[in-house]
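First the structure, in the form of structure tokens, and then the observations on it.
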Ligand code: SF4
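Residue numbers (our numbering): 357 to 702.
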């Protein structure tokens, strides 16, 4: 039987990861949020940092949003961190620090979607819920020969129904973990290891040489190219930054941003920035899932007494203060690789 084989394979092959073999919903939830759209090798150090700094949901709820964003820094998709924090506060305020146990309650919490609600309900509370993530789409589509588009709502519904239909009555946590692990380790996207696979005698994709066609997915539109010019104003040893109020980097600190590739001298002149020296310029390309950012950094030392008008909603921070601020990875790169190497930034 399909599920028995998966459970047996999982028990013999599972990777030793710190969020396995626990039924603590806090640890399971934390690992699931961190691992969304993130490789295990990348997410692991973040998971360790979070449990060290916030060992339980109450300590996470008590933290400031800045502390949470700072710990998350570099992992991207910052809305996950903000929702993580909101969710922790809600669990403490409304559920007295205990995660609800049912799928229907879990899915109401911030940042918890169908997959994460199923994962917590089954791993932590042994509920009869089937998890369906990218790995599960791949294994099911290949093994059962399902060609429905996994990027369509109809396709997703079909896979969820199939996953529930084949869910075993017992050992649900091991089965759910197992099918995801099987997809991550054996039935991989590029080169599935079919020759050593326990399912290879009956697998549709193997029998029809259709591994490369499955799962079926309509192509994503290509990512958009955008240009940023950051003006890094320095005055008396302080760097002028602002906290973003919107977008994916909401809550993070960055330099004055002009969202286009502008001529620095012209822009400074047009904005009345007088008595200044441009110390250096640097460029960096940053690729996100939906955007390719060409960023240009212009470091400007201000010698004037007063601040120019364009910095009125920015604040000056020393280097040690900046260290503790949450920042986009682009800004972190510039601070470490460019600004801290300047001979005399002040
Ligand atoms: S035989 Fe190949 S394609 Fe089929 S489940 Fe195994 S690894 Fe995946």
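By construction, the Cβ of each residue, glycine as well, lies at the ideal position given by its N, Cα and C atoms.
What are the uninterrupted segments assigned as beta strand (DSSP E) that are 3 or more residues long and contained completely in the region 613-646, given in chain order? 632-643
Is residue 549 near the ligand SF4, going by C-beta to nearest heavy atom under 7 Å? yes
DSSP three-state label for residue 429, please. coil
Please list, in chain order, all residues of the same chain as residue 463 whose beta carbon is under 6 Å from its beta carbon, the five residues on each side excluded. 473
Our contact map puts residue 639 next to residue 647 with C-beta atoms below 8 Å; I'd like the distance itself, whole angstroms only. Not quite, the Cβ-Cβ distance comes to about 16 Å (not below 8 Å), so this is no contact.
Could you check what DSSP says for residue 463 in three-state terms: helix, strand or coil? coil
Roughly how many whole angstroms lie between the Cα atoms of residue 368 and residue 685? 38 Å
Identify the continuous beta strand (DSSP E) that holds residue 441 and give its terminal residues. Segment 435-451 is the alpha helix (DSSP H) holding residue 441; no beta strand (DSSP E) there.
Beta-bridge pairing of residue 610 - partner residues as DSSP gives them: 598
Excluding the five sequence neighbours on either side, which residues of its own chain have a C-beta within less than 8 Å of the C-beta of residue 510, listed in chain order? 504
Between which two residues does the alpha helix (DSSP H) containing residue 408 stretch? 396-409
Considering only heavy atoms of the ligand SF4, does any lie closer than 7 Å to the CB of residue 495? yes
Do you know how far the Cα of residue 428 is from the Cα of residue 629? 35 Å
Report the residue from 649, 572, 543 and 681 whose alpha carbon sits nearest the alpha carbon of residue 600. 681
Contacting residues, own chain, Cβ-Cβ under 6 Å from residue 390 (five flanking each side not counted): 399, 402 and 403
So, with DSSP's three-state summary, where would you put residue 652? strand
Tell me whether residue 663 sits in a helix, a strand or coil according to DSSP, three-state version. coil
With C-beta atoms as the reference, is residue 527 less than 8 Å away from residue 478? no
Anyone know if the C-beta pair for residue 539 and residue 494 falls short of 8 Å? yes
Buried versus exposed, by CB contacts within 10 Å (16 or more), residue 489: buried
Closer than 7 Å: residue 565 CB and nearest the ligand GTP heavy atom: With respect to small molecules bound, the structure shown includes the ligand SF4 and not the ligand GTP.
For the ligand SF4, is there any heavy atom lying closer than 7 Å to the beta carbon of residue 462? no
Rounded straight-line distance, which links the Cα of residue 366 to that of residue 359: 10 Å
Specify the secondary structure class of residue 506 as computed by DSSP and reduced to three states. coil
Looking at C-alpha atoms only, which residue of 621, 440 and 395 is the closest neighbour of residue 413? 440
Option nearest residue 636 by Cα separation, candidates 691, 520, 421 and 460: 691
My output table needs one value for residue 673: the three-state DSSP class, helix, strand or coil. strand
For the region 419-438 against the region 603-617, do three or more pairs of beta-carbon atoms, one drawn from each stretch, fall closer than 8 Å, so that the two count as touching? yes
Our contact map puts residue 634 next to residue 655 with C-beta atoms below 8 Å; I'd like the distance itself, whole angstroms only. 7 Å
May I ask you to list the residues that DSSP assigns as paired with residue 583? 650
Alpha-carbon spacing of residue 422 relative to residue 405, whole angstroms: 15 Å
Could you tell me the distance, in whole angstroms, from the CA atom of residue 545 to the CA atom of residue 674? 46 Å
Three-state class that DSSP yields for residue 526 in the structure shown: coil
Tell me whether residue 590 sits in a helix, a strand or coil according to DSSP, three-state version. strand
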